[in-house]
Structure formats: C-alpha cells, structure tokens
Amino acid sequence: MKSLLTSFLFLLFFIPAQSQCTPDFSQTSPGLYPDTLPDGFVGQSYSEDITFVLPLDTMGYLFTNFHILAISLPVGLTWQCNNFSNGCNYDPQVNQYGCVNVTGTPLLAGQYNIDVTVIADLDIVQGVPVTFQVYMEVLPNNTSVSNTGFSMQGSSGCL
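This is how it looks when you write it as structure tokens:
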C-alpha cells in the first residue's frame, strides 16, 4: 500500500513538473520563439519549449487576455502551457511572457506548419481568433542496427 501511494505521488508531482517550461526572458519583441522548432526524429523522444512575448496593445486598444485554444502538432506530440492551472489564459498587462512545452514521440516523418490558435480579448472587443504558425520537420529514424547477418538504418521496414 505504501509503494502504491509513493507511486501515485510520484506521478502527481514529478510528471507534470517534467512538462513545465520556462519562458526565455531574453526575447523582447512580441512573437513566438523559436519560429522554427528543432528537427524531431520518428520514434525518438522530443521535448522543446516555445516562448511567446505577448503584445500589450494594437492601434491603441489594450489586450486584456490571450487564451491558447489549440496547437496542431504532428501525430505523437502533445503540448502543455506554463499557465495550465488558469486554463492557458494570459493577461499581457500583468505579464507579457509565457511558454508551451511540446513533448512526445513523433510517429510520422514530414514537414509541418504547426498552427497555434489563440482567442484574443481587447478592452473593446472579446473573442477575436488569431492563428500563429511555427514550422517543424520530423525526419525518419536515424538509428542504425547491425550484427553479423545484416545492418539496418531506421527502425521501420518498407512503407
């Protein structure tokens, strides 16, 4: 029973902390950083942080909230924002910085335009959908296996 409780506490506290990200405070202009994610490899673990710097206003109207609604990722990857306890809502008037951790194991090779869909609220209008794009490439598995009878590049057979 004690080991079951210890395992549960480990899952509860350690695993969510693993997917937390820390914003890159060296970025000063509004935008997503990096705008091109490092390459991933099919079947290999992937983890990368995306920092965003939120704009404070547009045409003199203040932004009051940004809500990350969805991020379209390659199959096998998931995301978690650093403000998940608040439903991935960000008030740029309080803090312009936030981040998302992209993690998982990509399953399909390809070139991907990742859409980040955000709902923006201004002091004069709410619920404005905005989409940003980040680029990522997933390459075939680059591991090689060999023995005295054969050698193989990648971990899958014919596609």
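Its first residue numbered 1291, the sequence shown is counted upward by one per residue in our numbering. Heads up, the beta-carbon is just placed ideally off N, CA and C, and yes, glycines get one too. Since this is a predicted model, take the numbers as computed values, not measurements.
Tell me where the beta strand (DSSP E) around residue i begins and ends.
i       : result
CYS1389 : 1387-1394
PHE1374 : Looking at the DSSP string, PHE1374 is not in any beta strand (DSSP E), and its letter there is neither H nor E.
ASN1412 : One detail in the question is off: residue 1412 reads as Leu in this sequence, not Asn. Taken as a continuous stretch (DSSP letters only), the beta strand (DSSP E) holding LEU1412 covers 1400-1412.
Could you tell me which of the options sits nearest to residue i, measuring between CA atoms?
i       : options                               : result
VAL1428 : THR1421, LEU1363 and LEU1352          : LEU1363
PHE1331 : GLY1394, ASN1355 and ASP1411          : GLY1394
THR1277 : PRO1419, VAL1390 and MET1426          : Lying outside 1291 to 1449, the shown extent of the chain, residue 1277 is not represented and no answer is given.
THR1421 : ASN1432, HIS1357, VAL1392 and GLN1310 : HIS1357
CYS1311 : TYR1402, ASN1437 and VAL1392          : VAL1392
ALA1360 : ASP1325, VAL1390 and GLY1321          : VAL1390
THR1326 : THR1354, TYR1402 and ASN1437          : TYR1402
When the Cα atoms are used, what is the spatial distance from residue i to residue j?
i       : j       : result
TYR1323 : GLN1317 : 8 angstroms
ASP1339 : PHE1315 : 13 angstroms
ASP1347 : ASP1413 : 9 angstroms
ASN1372 : TYR1387 : 10 angstroms
Report all residues from its chain with a CB closer than 7 angstroms to the CB of residue i; omit the five preceding and five following residues, and keep chain order.
i       : result
GLY1366 : GLY1394, THR1395, PRO1396 and LEU1397
Going along the chain, which residues of its own chain have a beta-carbon closer than 8 angstroms to the beta-carbon of residue i, five neighbours each way excluded?
i       : result
GLY1400 : PRO1364, GLU1427 and VAL1428
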